[in-house]
Amino acid sequence: MSDAAPAFDPGSFRWPVRIYWEDTDAGGVVYHASYLRFLERARTEWLRGQGVDQSAVRAATGLAFLVRDLHIEFLKAAVLDDELSVTVEVKERRAASILFGQTISRADGTTLIRAQVRVACVDLERMRPAQIPAGLIPGLPPIK
């Protein structure tokens, strides 16, 4: 038996989430903005799974990934104690941005949320788009 961690597959990334009271509204239904946190955390863990430490990148280069555009479809509601899975898939890569397709589903496979999120690589000093450094994210497809 090997102690090595399983190989990271950027094409089929899933991040588990359980729903707590803090995620819900007064009716016990997940508050709509909570889904944005779940999507963000999954993208962050997708990057971390590829060895990208966003704090270190920011400190070394002055670059950060900021959400530029977000389209979300609320299909069904999650409730207290639900076990969910958040997926991350790269749909498109440009020189200074990445388009992610993401879903949030219940353990039974029911899709609750579909989202498309474009993140831009930004030079924080100038607050302008910047090219994503070559080799920064190993799982990225070629530039379109």
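For the sequence shown, this note's numbering begins at 1 and goes up steadily by one. Note that the Cβ used here is the ideal one computed from N, Cα and C, for glycine as well. Every value quoted in this text rests on a predicted model; they were computed, and no experiment measured them.
DSSP bridge partner residues for residue i (one or two, in chain order)
i	result
L84	V17, R106
A130	According to DSSP, A130 bridges with nothing at all.
I72	A115
T24	V30
L99	E92, R118
A64	V122
Endpoints, alpha helix (DSSP H) assigned at residue i
i	result
R58	54-61
is_contact[residue i, chain B] using C-beta, thresh 8 angstroms
i	result
Q102	Although the question refers to chain B, the structure presented lacks it and comprises just one protein chain.
Distance, residue j Cα to residue i Cα
i	j	result
V17	A26	20 angstroms
V29	V79	5 angstroms
F13	G51	14 angstroms
For this session: Say whether the region 104-117 touches the region 53-64, bearing in mind that this needs 3 or more beta-carbon pairs closer than 8 angstroms, one atom from each stretch.
Result: no
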